[in-house]
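Some notes on the structure that comes next.
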Amino acid sequence: MTLANGHRHLAIPGPTNMPDEVLNALHHASVDIYGGSSEEASRACMKDLKKIFRTRSRVYIYAANGHGAWEAALSNTLSQGDRVLVLESGLFPVVWGEMASQLGIETEVLAERTGRAVDLKAVRTRLAKDTAQELKAILMVQADTATGVVNDVKGVRAALDETGHPALLMVDTIASLGSMEFDMDGWGVDVTVAGAQKGLMTPPGLSFTAASARAKKAHKSAGLVTSYWDWTFRDGKDHYMWYAGTPPVQMVFALRKALEMLLAEGLDNAIHRHALLAGATRAAVQTWISRGDMDFAVSEPAERSDSVTCVLTPQGASTGIIDYCEHKLGVTVGRGIGPLDSRAIRIAHMGHVNGYNQLGTLAAIETAMTALGIEHGSGGVQSAIEFIAKHVK
Ligand SMILES: Cc1ncc(COP(=O)(O)O)c(C=O)c1O
Numbered sequence: 440m441t442l443a444n445g446h447r448h449l450a451i452p453g454p455t456n457m458p459d460e461v462l463n464a465l466h467h468a469s470v471d472i473y474g475g476s477s478e479e480a481s482r483a484c485m486k487d488l489k490k491i492f493r494t495r496s497r498v499y500i501y502a503a504n505g506h507g508a509w510e511a512a513l514s515n516t517l518s519q520g521d522r523v524l525v526l527e528s529g530l531f532p533v534v535w536g537e538m539a540s541q542l543g544i545e546t547e548v549l550a551e552r553t554g555r556a557v558d559l560k561a562v563r564t565r566l567a568k569d570t571a572q573e574l575k576a577i578l579m580v581q582a583d584t585a586t587g588v589v590n591d592v593k594g595v596r597a598a599l600d601e602t603g604h605p606a607l608l609m610v611d612t613i614a615s616l617g618s619m620e621f622d623m624d625g626w627g628v629d630v631t632v633a634g635a636q637k638g639l640m641t642p643p644g645l646s647f648t649a650a651s652a653r654a655k656k657a658h659k660s661a662g663l664v665t666s667y668w669d670w671t672f673r674d675g676k677d678h679y680m681w682y683a684g685t686p687p688v689q690m691v692f693a694l695r696k697a698l699e700m701l702l703a704e705g706l707d708n709a710i711h712r713h714a715l716l717a718g719a720t721r722a723a724v725q726t727w728i729s730r731g732d733m734d735f736a737v738s739e740p741a742e743r744s745d746s747v748t749c750v751l752t753p754q755g756a757s758t759g760i761i762d763y764c765e766h767k768l769g770v771t772v773g774r775g776i777g778p779l780d781s782r783a784i785r786i787a788h789m790g791h792v793n794g795y796n797q798l799g800t801l802a803a804i805e806t807a808m809t810a811l812g813i814e815h816g817s818g819g820v821q822s823a824i825e826f827i828a829k830h831v832k
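So that you can map any letter, position 312 of the sequence shown is 751 in the numbering used here, and since no number is skipped, the others follow by simple counting.
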């Protein structure tokens, strides 16, 4: 017997559910790329992206996934032999650092404290030791999608300022932009990396970098610049130059619609919605872990992201929960990745998701654990209900 037929829901931390309006915007004939509606859509996206990044700097749009924007950030600002400091926390910063190594950049990893955000004291100590100022950039993620840990970007900027260190601050916001507070200019971020497929509710395949004046200055002497990622070429006046080739027209129309929807809701409201859905999810998990052998992947409550919650499960149990949710109930829950492969489930609360979706996902997970005999504290969904009822009047 299965109850999976009906409207399915995707609760993985990216790509995320797309609004019908965004899907419909994709259904568009190709149009002239040398002006007209495609250029207008690009201009509108660039303007709206600045509001979402909270920056006055130019935002570059790439026909690429997040890895593309990682490479764009590195190649536009650095040279072979430069040294960068990678702030390990979860999975993704280290993978970004490995890409830097492949490009010929010396990569130093500040090791993580498992299940914790980046240790700001350790960052300060390392920067203070670098009296020769060999570190050219810091690479960090705001939210790591593998563990659901959130890092203090402002705190890292403060460490740079307190030590008078000139390294560029590069921040991956792929799992946080549009879902959590981020303020590129206010927080002194030099390069922001983002992707379309999570909080921005757009199909995978577009990614972004925004560059501060300091990053643009570094760009002038960067030795790794290649023609596709090159900010200077993309600053050209013609529409095709903004993409270093044919603009991905349908994707841009989809992005334009998604950004319109996000700004119509209001960025602050969207961020608040994510905080409440995350709070409800954490309330459910807190109850589940009161019995049995489960835990939050992130030990400190203040360091848990509002875009995804990662729950450690007994070995093998995660696969059963995910399969049950998928095949019996019609909701796709995220699996553990990297070192947490088969040891965790990831519950997304990111992008086009509402209270009804989230309560349904939580109820499905609790049903799966009950049906499969996985020991847990019962009443997690009730805790989520009480959390929402208290905060949403
Ligand atoms: C925080 C973070 N950074 C980078 C990436 C890589 O992005 P992509 O898979 O689009 O290349 C991901 C993907 O999930 C991510 O979550």
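Glycine included, every Cβ here is placed at the ideal spot set by N, Cα and C. None of the values given here were measured: they were computed from a predicted structure.
Discussion item. Taking the alpha carbon of Met609 as the reference point, which residue from Tyr679, Trp626 and Thr752 has its own alpha carbon closest?
Written reply: When C-alpha distances from Met609 are compared across Tyr679, Trp626 and Thr752, the shortest belongs to Trp626.
Worksheet entry | Sheet register partners of Glu545 (DSSP bridge) | BP columns for Glu545 point to Arg522.
Worksheet item: For the beta strand (DSSP E) that Tyr499 lies in, which residues bound it at each end?
Response: Residues Val498 to Tyr501.
Practice prompt. Throw me the rounded Cβ distance for the Ser469 and Val688 pair, which I believe falls under 8 angstroms.
Written response: Here Ser469 really is in contact with Val688; their C-beta atoms are around 6 angstroms apart, less than 8 angstroms.
Worksheet item: With DSSP run on the structure shown, which of helix, strand or coil describes Phe647?
Response: Residue state, collapsed to three classes: strand.
Worksheet entry | Asp780 versus Gly755: straight-line alpha-carbon distance, rounded | One Cα belongs to Asp780, the other to Gly755, and the distance between them is close to 10 angstroms.
Worksheet entry | Extent of the continuous beta strand (DSSP E) run through Lys575 | Where Lys575 is concerned, the enclosing beta strand (DSSP E) stretches over Leu574 to Val580.
Item to complete: Please indicate yes or no: does the CB of His506 lie closer than 7 angstroms to some heavy atom of ligand 1?
Response: His506: yes, Cβ under 7 angstroms from ligand 1.
Worksheet entry | Cα-Cα separation, Gly554 to His815 | Each residue's Cα considered, the two are about 21 angstroms apart.
Item to complete: Could you have a look at Val461 and say whether DSSP puts it in helix, strand or coil?
Response: In the three-state DSSP reduction, Val461 falls in the helix class (H, G or I).
Worksheet item: CB Gly769 to CB Asn444, shorter than 8 angstroms?
Response: Inclusion of Gly769 and Asn444 in the CB contact set at 8 angstroms is warranted, their separation being smaller than that value.
Discussion item. In the DSSP assignment, the beta strand (DSSP E) including Val747 goes from what residue to what residue?
Written reply: Run containing Val747: Val747 to Leu751, per the beta strand (DSSP E) assignment.
Practice prompt. Name the residue from Ala714, Arg712, Pro740 and Leu715 whose alpha carbon lies nearest to the alpha carbon of Gln725.
Written response: Out of Ala714, Arg712, Pro740 and Leu715, Pro740 has the C-alpha closest to the C-alpha of Gln725.
Worksheet entry | Ile613: CB within 7 angstroms of a non-hydrogen atom of ligand 1 | True, at least one ligand heavy atom lies under 7 angstroms from that Cβ.
Worksheet item: Between the region 691-700 and the region 566-583, do three or more beta carbon pairs fall short of 8 angstroms?
Response: Verdict: no, contact absent.
Worksheet item: Straight-line CA distance for Val632 to Met440?
Response: In a straight line, the C-alpha of Val632 is about 44 angstroms away from that of Met440.
Worksheet item: Whose C-beta lies closer than 6 angstroms to the C-beta of His658 among residues of the same chain, with five residues either side of it excluded?
Response: Residues of the same chain with a CB within less than 6 angstroms of the CB of His658, apart from the 5 flanking positions on each side, are Asn515, Thr516 and Trp670 in chain order.
Worksheet item: My guess is that Lys575 and Leu607 are in contact by the Cβ rule of under 8 angstroms, so how many angstroms apart are they, rounded?
Response: About 7 angstroms separates the beta carbon of Lys575 from that of Leu607, a gap short enough to meet the 8 angstroms contact definition.
Item to complete: For Met485, name the three-state secondary structure that DSSP assigns.
Response: Three-state result, Met485: helix.
Discussion item. Please list the terminal residues of the continuous beta strand (DSSP E) segment that includes Asp707.
Written reply: First-last for Asp707: Leu706 to Trp727, but that is the alpha helix (DSSP H), not the beta strand (DSSP E).
Item to complete: Indicate the three-state DSSP secondary structure (helix, strand or coil) for Ala512 in the structure shown.
Response: Ala512: helix per DSSP, three-state reduction.
Practice prompt. Excluding the 5 residues preceding and the 5 following Thr720 in the sequence, name in chain order all residues of the same chain whose CB lies nearer than 6 angstroms to its CB.
Written response: Apart from sequence neighbours up to five positions away, the residues of its chain that approach Thr720 with a beta-carbon distance below 6 angstroms are Thr748, Ile786 and His788, ordered along the chain.
Practice prompt. Taking 8 angstroms as the cut-off, decide whether the C-beta atoms of Tyr501 and Leu639 are in contact.
Written response: The answer is no: Cβ separation not under 8 angstroms.
Worksheet item: Assuming Gln572 contacts His604 under a Cβ cut-off of 8 angstroms, what Cβ separation, rounded to an integer in Å, is found between them?
Response: The distance from the Cβ of Gln572 to that of His604 is about 7 angstroms, consistent with a contact at the 8 angstroms cut-off.
Item to complete: Check whether the Cβ of Gly453 lies closer than 7 angstroms to any heavy atom of ligand 1, and answer yes or no.
Response: Because some heavy atom of ligand 1 lies under 7 angstroms away, the Cβ of Gly453 counts as near it: yes.
Worksheet item: Would you say Ala583 touches ligand 1, meaning its beta carbon is less than 7 angstroms from a heavy atom?
Response: The question names Ala, but residue 583 is Asp in the sequence shown. For ligand 1, a non-hydrogen atom lies closer than 7 angstroms to the CB of Asp583.
Worksheet entry | Between the CA atoms of Ala511 and Leu716 - distance to the nearest angstrom | Distance from the CA atom of Leu716 to the CA atom of Ala511, rounded to whole angstroms, is 33 angstroms.
Worksheet item: Is any heavy atom in ligand 1 found nearer than 7 angstroms to the beta carbon of Phe621?
Response: Phe621: no, Cβ never under 7 angstroms from ligand 1.
Fill in: Leu462 burial status per 10 Å Cβ neighbour count (16 or more: buried)
Under this definition Leu462 is an exposed residue.
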